[in-house]
Amino acid sequence: MSVARAFRATGADLPFGDPGAAHGVPFEGYFWRVVQPASGVAIVALSAVCRGPDGPWGLSTLAAHPGGFARTVITRTAAADTRAFGVCAEGVLRGDAAALSVEMGPDARLDLSLHDALIWPRRAFAALGPAHAIPWLPQYWQPVVIAADVRGRVRAGDLSLDLDGAVGYAEKNWGRGFPGRWWWGHAAAFDGDDVSVSFAGGRVPLAGDDVAPTAVVLRLGERVIALAPPLSRTRVALGDGVWRLRTHGRGFAVEIAGDAEGAPPHELLVPVPREQRGELRSRQHLAGSLSLRIRRGRRLLYDGRSPLAGLELGLPLSHPARAAPRA
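Residue 322 in the numbering used here sits at position 322 of the sequence shown, with consecutive numbering throughout.
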């Protein structure tokens, strides 16, 4: 094994590396999100490749709003692409930065392609900043497709819809598994504005202390701005269906206010890599609202609101598990 490959196997990336490619850690997670403001539809598909005692296995989910549809299938095998962002979970899910196909039965199908995509620009460090070069963090996070035009179709329970003209997004997370508690969000339907935002954070034990770093990624047209510690600091306040973030750094001041607006969340399974099962620990709202204000110095760069925002809160490890069906 080369030195570079051994380093990536810790979950870390060398400067100017590709964080979207598989690292060889116990958990490699892939996530796609599609929103269609005209119809009020939001679709989520995810897949995890996990390293268990018997080899790599997979957990894949398709969820949709409206209707509250969610289905998870565990596959005995799964493969993560070591060359680029991509995953294959037997015949259940296959996806990358250009296309996605999900087949979980006649009432759970998704086929789409991503066009004119704004891909994460290659930089010395990715969304987490210098933290990407730190080995053995519990989990890493990286947006891959910041925004793309969607063509395709979905069937999710009673929902059957042409997705042409929707907006697509894709990201990756990886590491030893999910932290004890985490928060996440994404919004891209800002009244036709070429703007989007995503954020992710969680409680992480580090050097004998419990810290809660949060990273924020902004898109303003073709410009992609990443704000992460130590150059940026984010204060997070979480309540009953409320997400409040204030980020300062690199000359930017960002205010994010997410609200579930009283709607119940989708309850989603997250994988337990070595045990080959899922735990019902994710509470994800597929269609909340999110307000975004961005300043640079005294100049207001953007102030807007997005419906169909994705907002997630992860429950503690002690939460009871619920089994998922195998393929």
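The beta-carbon is built from N, C-alpha and C at its ideal position, and this holds for glycine as well.
Asked: Leu308 beta carbon less than 7 Å from that of Val35; Found: yes
Asked: With 16 other Cβ atoms within 10 Å as the buried cut-off, status of Leu300; Found: exposed
Asked: Identity of the residue in Val217, Arg250, His285, Ala228 nearest Leu292 by Cα; Found: Val217
Asked: Per DSSP, cross-strand counterpart(s) of Val236; Found: Leu245
Asked: Alpha helix (DSSP H) runs contained entirely in the stretch 86-167, provided each spans 4 or more residues; Found: none
Asked: Cutoff 7 Å; reference Ser232; Cβ partners in own chain excluding five residues on either side; Found: Thr247, His248, Gly249, Arg250
Asked: Residue span of the alpha helix (DSSP H) that contains Arg176, given as start and end; Found: Neither: Arg176 is in no alpha helix (DSSP H) and is coded neither H nor E.
Asked: Given Ala166 as reference, the closest of Val87, Arg277, Arg153 once Cα atoms are compared; Found: Arg153
Asked: Pick from Gly258, Pro230, Gly221 that is closest to Leu238, judged by C-alpha positions; Found: Gly258
Asked: One or two residues paired with Thr77 in a DSSP bridge; Found: Paired residue(s): none; Thr77 is not in a bridge.
Asked: Pair within 7 Å by beta-carbon distance, Val270 and Arg281; Found: yes
Asked: With 16 other Cβ atoms within 10 Å as the buried cut-off, status of Phe16; Found: exposed
Asked: Spatial neighbours of Cys88 in its chain, beta-carbon cut-off 6 Å, leaving aside the 5 residues before and after; Found: Ala79, Arg94
Asked: Leu62 versus Leu118: straight-line alpha-carbon distance, rounded; Found: 24 Å
Asked: Cβ neighbours of Thr82 in the same chain (closer than 7 Å, five flanking residues each side left out); Found: Ala21, Ala22
Asked: Supposed close pair Ala200, Tyr169 - CB separation, criterion 8 Å; Found: Ala200 to Tyr169, Cβ: 13 Å. No contact.
Asked: Straight-line Cα distance separating Phe7 from Phe85; Found: 18 Å
Asked: Exposed unless 16 or more other CB atoms sit within 10 angstroms - verdict on Gly29; Found: buried
Asked: Alpha carbon of Ala226 to alpha carbon of Leu286, nearest angstrom; Found: 23 Å
Asked: Cβ shell of Pro121 (< 8 Å), same chain only, five flanking positions each side left out; Found: Val224
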